[in-house]
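Undergrad: Below you will find the structure I want to go over with you.
In the numbering used here, the protein residues as written are 943 to 1054.
Here's what the structure looks like:
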């Protein structure tokens, strides 16, 4: 593995929830990243966000690591979950919340 692959591998395995995104959780730089941030915040998950725009090696490295061509990318307990469309579909169906619970990731019951 290259240095960036080692970094990515370590981060996704040592943090329960990791989001590789454009921008930061406080200031997303694209609508797709922003949507995933909103979903994670809504379900009350603690997560670590990485801005791929700040590092070209990270931006390409995460695509190579997952063999997935787009950003954002969500990882839970070392497992690649998907990008914006997949996370949105899982959230809308309730599957995301169930998946997080099954993985032992703490969430809060969001009140509408």
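Each residue gets a CB set at the ideal place from its N, CA and C atoms; glycine is no exception.
When the Cα atoms are used, what is the spatial distance from residue 1005 to residue 1012?
TA: So the two alpha carbons sit approximately 7 Å from each other.
Undergrad: Smallest Cα separation from residue 1028: which of 975, 953 and 983?
TA: Answer by Cα proximity: 975.
Undergrad: Could you pull the start and end residues of the alpha helix (DSSP H) that residue 995 belongs to?
TA: Careful: residue 995 lies outside any alpha helix (DSSP H) and carries neither H nor E.
Undergrad: So, helix, strand or coil for residue 987, using DSSP?
TA: Residue 987 falls in the coil class under three-state DSSP.
Undergrad: Which whole-angstrom value is the C-beta distance of residue 1049 and residue 987, which I expect to be below 8 Å?
TA: 6 Å between Cβ atoms; contact.
Undergrad: Would you call the segment 962–974 in contact with the segment 1033–1040, where contact means no fewer than 3 C-beta pairs closer than 8 Å?
TA: At 8 Å Cβ cutoff, the stretches do not touch.
Undergrad: How many angstroms separate the CA atom of residue 960 from the CA atom of residue 944?
TA: Approximately 20 Å, taken between the alpha carbons.
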